[in-house]
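One structure is given here, and the rest of the page talks about it.
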Amino acid sequence: MSNFTESSNATHDAPFAGKKFPSLARKVLITIVSLGLVALCVILLLRTNPDLLAPNPIKSNLVNPTRNFLLERPQLSLQIEQKLSGNDAIKTVALVGIVGMGGVGKTTLARQFGRSHKASVVWEINAETHSQLIRSFMDLAGTFAKTRLQKEELESIQTLKNQDEKEKQLLSLVKKHLKDQKGWLLLYDNVNAFSEIKDFFPRDETTWGAGKVIITTRDVAFKNADFINPENVIHLDSLSRADALTLFTRILYGRSSYDVKPEQFAEAEKFLDHIPLFPLDVSTAAHYIKNTQISYEDYLKEAKKNSQEFEKSQEHLMKETSDYMKTRYGVIVSVIDRLIQGKPEFEDLLFLLCVMDSQQIPKDVLYHYKDKDTVDKFIQMMRTYSLMTSQASQDSDTQFISLHRSMQAICLSHLLQSLSPDRKVAMIHSISSSLEGYMKKVLDTEDCEKMKTVISHWEAILGHAPLISDTTQGAFKGQLGAIYFYMADYKKAKQNLEESQVLLNRDYDQNFERIARGLSDLAKVDQELGQFKEIIPQLEKSLNIYKKHFQENHVYIARTLALLGNMYKNINKFEQAIEPLEKSIFIYKTYYPENFAERVQAMVFLGNAYRNLGQFVKAKQALEEGLELSQQKMSKDSIGAARIQRMLGLLCVNVGYYKNAEALLVQSTLVYKKMFSKNHPDVGEALLILGHCYRCMGQHEKAEPILKDSLRICLLHSETSLNTVWAFLRLSELYAAIGNYEQAHDCCERSLKIINTHSDMSRINLALALIIKGEICLSQNDYDNAEKYFQDSLDSLKHQKHPRKHIIFENLSDLYLKKSEDATTKGDAQQAADHKIKATDYIKQSFEIAQGHLPPDSPHVARIADKMAKLGGVT
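Under numbering that gives the first Met the number 0, think of the first position of the sequence shown as 0, with each following residue one higher.
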């Protein structure tokens, strides 16, 4: 009780004891405390988030697909950040360019960066047209107009009647506001050309303030502009396969490619093989398939048609699912319509590109169709819209252009639908005539480099058979067959040439010239295929057609006479080869003195015919005249120059001028290797002669790998060709020379097997094979078989006055000299004398033949004369 009493007394003694605390004072005190706490919180918040004091940023409505439909590309955003933060800038305005064709994601990437970028102003300027550019600047000025005075200023600008003055004041107003900002980012979207935006483009800090700029454009030449560092240009192309799969499955299945079922992944991956891997194409396909439940196969069928109905349905779907309302078809059509409206003369150039292969189109083809100035302007415009790329060949100075494949198909479909029937026919006719003329020139000059570049294009044109006539198809198949002949694809060459003849003969009167040329080309192909039966009739028919329609001194007749003479030589009718060849050369010299390439070729044929007749002096004269002409008038790297060097080199080997032969053959082989693939038969033949030369020079280590490579190439093309026979024979000679008789015998037997199974094979080939077999036996002291083979080789040439007979008689002389020496060793003096008499008789016959065919200074003549002197035949 006492404690309670004390406590009560204490209460009564306190201040205000017995009185109520005033309510107003209590409220004031609570308010002060609360405000203090709030102030403390605000201070702490501002210290940790200083940006809260900044005014609200001004930002465009940067619309992008939702994350489920969006492919994040953080590595590209990082590139933009790094480039904008670097030292390379227009004065103090940092600049990055994003370049690529429509639908590669330029705008999406720029918007992604803009949404995450911290700046007082982030504004997208639609720069596709001037009016859209001005509208974007007007909208930006409107966001700056906060006060009544600012709004009135803007309204006064809008009411101006003079458009130039309105734009000038609008630009001044925007620049003034931007300069007051701490930092800004302007996104210039879809710039067609810098010249169209230059007056509204930030140049320096003094008038615009410090900020950053991103430009998106289709113009690939943008990187060459003097106001931007090329390193600050990001070029967007197709997506990687992994990114395309991610975007496709994210839209179609709502999850990434890593999370879909294996069978779904495999089907999607296979489908993407057939569409362009651009974000637009991938997302359009995914949205369409998802919403319509169409199968992959049916989608591809519809897409290939490029029908307007399918296009409209895709456009409608894109409007509902994304801010980008154009499909690939819409993007391309809008570009080409704008291109043709500005320059109508570009329409047929565009059509030309659409009927060829979309990749690696030689500029020369376009220059042959239109003047260079028009073509260059056309290419520049195509590149401006990112529809075309350019590059040089790695092997030559040839310039190429390429189109995006999807663009080409859409462009062709659109042109076919928009062109009138008469315009379409006229355009196809003019294009076909130009291309045929271009290839005619290439074939006439044997420009193998250009031939290689057009094969896919001629095949692509023939793939548009419904658009072209039988005559055009026949002409292009004939030229394609000729190209395949030079490329050593003889089966394709023959197939195309035969199909060409069928098509062209449907209108003989219009196509007689093409038919005659095709027959000549067929003869050349049949020769390479070893089908000799039809060669002469084909060429005679071709010659008769030309004689019927042209004068006797026409270049076509000269060309066919040269081929006819060469074919006579190839079937061992050497005497019959001379007259048409000499007549051909006469026509070229008299009426076509500037046609160096074909005249040189005819001289090669004539020199080779004389060489096979053993008239080496005449052969040397013809070939050296051709070589001099080629050196004066043709490139040293031309196929014509290489051909005559090879043949003159072979002649020098036959005569024994090995050093001269080596220089000619090395140069010739280098050109063949440059002109053709490493496995081309002409390369194989060049190596064959070069290896033979080194074997004759005694440089066996050099000869062996060259001859082996030659045989490899020959066998790749035919196991039974004439060159294959020669390759085996030359290797057999080499192996015999180095004492490897087993391999020498094997190679010789393989050559004989081919010779004996072909009645058309030259008796000369048989004679050489038998000579080599005899030499192998002689090296092993097998005199009986050696003599048998030498005599058999003589029998194979008994109806021909062939210069190689001197080799056989020289070998027989060596054989009997060995027999004489053996008889002497055995003490049989009579037998030794008899054998020596035979040896002397044979060496005299050898010398007589050699002296009659070879030049007086030939090492072969000197060697045989020396042997004869030692035997006592001549002093």
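Note that CB positions come from ideal geometry on N, CA and C, so glycine has one too.
No experiment lies behind these values; they were computed from the predicted model shown.
Practice task
Could you check the C-alpha separation between L61 and L185 for me, to the nearest Å?
Solution key: 12 angstroms
Problem - Coil, strand or helix - S401 by DSSP - result: strand
Exercise for the section: Closer than 6 angstroms by C-beta to I29: which residues in its own chain qualify, once you throw out the five before and the five after it? Chain order, please. Expected result: none
Handout entry: Short CB-CB distance (under 9 angstroms) between K449 and chain D
Key = Protein chains in the displayed structure number just one, and chain D is not present.
Handout entry: Cβ-Cβ distance between K211 and L83 below 9 angstroms
Key = yes
Practice task
Please report how far the alpha carbon of G113 lies from the alpha carbon of D163, in whole angstroms.
Solution key: 30 angstroms
Problem - Three-state class that DSSP yields for D50 in the structure shown - result: Annotation note: pLDDT 48 at D50 (below 50); position unreliable, coordinate value reported separately. Looking at D50 - three-state DSSP - the assignment turns out to be helix.
Problem - Boundaries of the alpha helix (DSSP H) in which Y878 is found, first to last residue - result: Residue 878 lies beyond the stretch modelled for the chain, which goes from 0 to 874, so this question has no answer here.
Problem - Endpoints, beta strand (DSSP E) assigned at H935 - result: The question about residue 935 has no answer here: the residues shown for the chain are numbered 0 through 874.
Handout entry: DSSP three-state assignment for H859, whether helix, strand or coil
Key = helix
Exercise for the section: Within the same chain, show all residues whose beta-carbon is closer than 6 angstroms to that of E527, passing over the 5 residues directly before and after it, in chain order. Expected result: By the criterion of a C-beta distance shorter than 6 angstroms, E527 is surrounded in its chain by Y489, once the five residues flanking it on both sides are discounted.
Practice task
Taking I771 and L728 to be in contact with their CB atoms under 8 angstroms, please state how far apart those CB atoms are, rounded to whole angstroms.
Solution key: 6 angstroms
Exercise for the section: Starting from the C-beta of F350, find all residues in its chain whose C-beta is less than 6 angstroms away, skip the five residues before and the five after it, and write them out in chain order. Expected result: L414 and M426
Problem - V654 and K632 closer than 9 angstroms at C-beta - result: no
Exercise for the section: Tell me, to the nearest whole angstrom, how far the beta carbon of L271 is from that of A302; I am working on the premise that it is less than 8 angstroms. Expected result: Separation of the CB atoms of L271 and A302 is rounded to 13 angstroms, and the pair is thereby denied contact status at 8 angstroms.
Practice task
Flag this pair as yes or no: are the beta carbons of L496 and L461 separated by less than 9 angstroms?
Solution key: no
Exercise for the section: Counting only the same chain and skipping the five closest in sequence on each side, list residues whose C-beta sits under 8 angstroms from that of Q779. Expected result: Taken in chain order, the residues that qualify are Y740.
Problem - Nearest-angstrom Cα separation, counted from E435 out to E458 - result: Distance between the alpha carbons of E458 and E435 is about 13 angstroms.
Handout entry: Residue from G683, L626 and F247 with nearest C-alpha to G639
Key = L626
Exercise for the section: Quick one: residues in its chain with C-beta nearer than 7 angstroms to the C-beta of N569, no 5 flanking neighbours on either side, listed in chain order? Expected result: Q526
Problem - Where D188 sits in the DSSP three-state scheme - result: strand
Practice task
Use the C-beta contact count for Q550: other C-beta atoms within 10 angstroms, 16 or more gives buried, fewer gives exposed.
Solution key: exposed
Exercise for the section: Specify the secondary structure class of L172 as computed by DSSP and reduced to three states. Expected result: Judged by DSSP in its simplified three-state form, L172 adopts helix.
Problem - Residue from Y257, L148 and M381 with nearest C-alpha to N191 - result: Nearest option by C-alpha distance: M381.
Handout entry: Residues near A726 in its chain [Cβ-Cβ closer than 6 angstroms; skip 5 each side]
Key = L687, S709, L710 and C713.
Handout entry: Coarse secondary structure for I124, derived from DSSP in three states
Key = strand
Exercise for the section: Figure out for me which residue from A736, I737, K677 and H699 has the closest Cα to the Cα of H716. Expected result: K677
Practice task
Taking 8 angstroms as the threshold, find out whether the stretch 565 to 585 comes into contact with the stretch 532 to 544 through three or more Cβ pairs.
Solution key: yes
Practice task
Kindly list the residues whose CB is nearer than 8 angstroms to the CB of T719, restricted to its own chain and excluding five residues on each side of it in sequence; keep chain order.
Solution key: G529, I753, T756 and H757
Problem - R217 versus Q398 - alpha carbon distance - result: 22 angstroms
Practice task
Can you have a look at Y693 and say buried or exposed, based on whether 16 or more other CB atoms are within 10 angstroms of its CB?
Solution key: buried
Exercise for the section: Could you say if the stretch 541 to 559 and the stretch 473 to 481 meet the contact criterion of at least three C-beta pairs nearer than 8 angstroms? Expected result: no
Exercise for the section: Would you please state the rounded distance, in angstroms, between the beta carbons of G101 and L235? I believe it to be under 8 angstroms. Expected result: About 11 angstroms; that fails the 8 angstroms criterion.
Handout entry: Opposing strand residues paired with T216 [DSSP bridges]
Key = V98 and V190
Practice task
Starting from the N-terminal side, write out each stretch of the alpha helix (DSSP H) that is 4 residues or longer and does not extend beyond the stretch 762 to 826.
Solution key: The qualifying runs are 762 to 778, 782 to 795 and 804 to 825.
Practice task
To the nearest angstrom, report how far apart R598 and Y587 are at their CA atoms.
Solution key: 6 angstroms
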